[in-house]
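In the working numbering, the protein residues as written are 11 to 422.
Here a beta-carbon is modelled for each residue, glycine too, at the ideal position from N, C-alpha and C.
No experiment lies behind these values; they were computed from the predicted model shown.
Reviewing the structure listed below.
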Ligand SMILES: [Zn+2]
């Protein structure tokens, strides 16, 4: 065959392959109304990643639902009967998988298991177990790292919240390094009270290592809060909670955290931790770029209402309405509502757009924790997607995809 004919044949083959490659490679298409524009789109997935997004004229489903990136929750103490904080060997690989699966049903595709104030031994044990499970292929990369909330927090009643006083202590870098190693270097963020002895140096060292420092469960002055921010603290943990009920109206930790533009704020929007007007004010001040919706869910979330016992043997009450209380100390005991409820509530309370609500529950945490492969719907990102309707009190999740795999589909 003459050289010219051979070249033409090659060219035709390449054009053919480029044209029909889509049908040769297994691609999944997911359709919905894009959360940013509310226009119908088709998202194409290959190998767990988004490869193409295009607007379409109409959707095949007569009852279209919204499509958004999966939710990212930075504070999950446990879920559906599984606690990440308990001692005594209750935490298992099966438990971690069960909690993850139940979170998928609520639209959470990435989360930071959160360990609260406890002994060094318990924290090390549970961090090591979580680290072993983190890369289980069955979890599809849903665990992005861990949040250590305490034990270096205020010992004062009210500011301490439900963290047990006997385990609260001052920052201890050597101990923290042991915990960090046990976690497989996967502690992404730590919540600390900046007024404690040694806290500033601790904050500096964490920041230098790329660990996101959050301030919370504290009673710090304006000067200390400003110094913590200068040393690298970036976010207030569940602003408005982990704070005493009775405070001085002028001098208290809320004003300086609200006034500091460099501090982001995570807020719990479950209907019990903050009043609607607090959410409105926090949102107006911090705005959709510096607010993160968090859940602070515990193992009692997704369980039936009733009386339970915590590890200390104390009675915990989960009300019909979904409030979780530690009546002996008259404090809330974390939350029973996943962030899908927080998203629906902040939409209603503040009148923000769906795009802004998803920014606060997916895009912002992905940026803060350096999870550059998720938190948006863009080509080249993980296909972590949720299809949902906006219900009265929560997002009604219809389907959840994690790394392109359909992991949850609601019953019709
Ligand atoms: Zn807390």
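Asked	Found
For the beta strand (DSSP E) that residue 339 lies in, which residues bound it at each end?	Note, residue 339: premise wrong, no beta strand (DSSP E); not H, not E.
Would you say residue 191 reaches chain C, if we count a Cβ-Cβ gap shorter than 8 Å as a contact?	Checking the listed chains, one finds no chain C in this structure; it contains a single protein chain.
Taking the straight line between their C-alpha atoms, what separation do you get for residue 294 and residue 392?	31 Å
By the three-class DSSP mapping on this structure, what secondary structure does residue 196 have?	coil
Do you know offhand how far residue 363's Cα is from residue 154's?	27 Å
If you reduce the DSSP assignment to three classes, tell me which class residue 126 lands in.	strand
Could you check whether residue 109 and residue 313 sit closer than 8 Å to each other, using their CB atoms as the reference points?	no
Just to confirm, are residue 105 and residue 86 a CB contact at a threshold of 8 Å?	no
Give me the Cα-Cα distance between residue 207 and residue 36, rounded to the nearest whole angstrom.	58 Å
Once DSSP output is grouped into helix, strand and coil, what is the label at residue 88?	strand
Report the residue ranges of all alpha helix (DSSP H) runs contained in full by the stretch 245-274; include only those spanning at least 4 residues, in chain order.	264-269
Just verifying my parser: in three-state terms, what is the DSSP assignment at residue 150?	coil
Within this structure, are the beta carbons of residue 223 and residue 242 separated by less than 8 Å?	yes
Quick check on residue 190: does DSSP put it in helix, strand or coil?	helix
Please report the straight-line C-alpha distance between residue 247 and residue 70, rounded to a whole angstrom.	42 Å
Within the present structure, is the beta-carbon of residue 247 separated from the nearest heavy atom of ligand 1 by less than 7 Å?	yes
Report all residues from its chain with a CB closer than 8 Å to the CB of residue 103; omit the five preceding and five following residues, and keep chain order.	139, 142, 143, 146
Please list, in chain order, all residues of the same chain as residue 417 whose beta carbon is under 8 Å from its beta carbon, the five residues on each side excluded.	111, 114, 150, 410, 411
Helix, strand or coil for residue 353 per DSSP?	helix
Could you spell out the range, first to last residue, of the beta strand (DSSP E) harbouring residue 52?	50-56
Using the Cβ count rule (16 or more neighbours within 10 Å means buried), how would you classify residue 422?	exposed
Alpha carbon to alpha carbon, how far is residue 358 from residue 300?	19 Å
For residue 116, does the count of other Cβ atoms within 10 angstroms reach 16, so buried, or fall short, so exposed?	buried
May I ask you to check if the CB of residue 159 is nearer than 7 Å to at least one heavy atom of ligand 1?	yes
Name the residue from 183, 162, 365, 284 whose alpha carbon lies nearest to the alpha carbon of residue 226.	162
Taking only the alpha-carbon atoms, compute the straight-line gap between residue 318 and residue 180 and give it to the nearest angstrom.	31 Å
Roughly how many whole angstroms lie between the Cα atoms of residue 47 and residue 365?	8 Å
So does the stretch 367-387 actually touch the stretch 338-348, counting three or more Cβ pairs closer than 8 Å?	no
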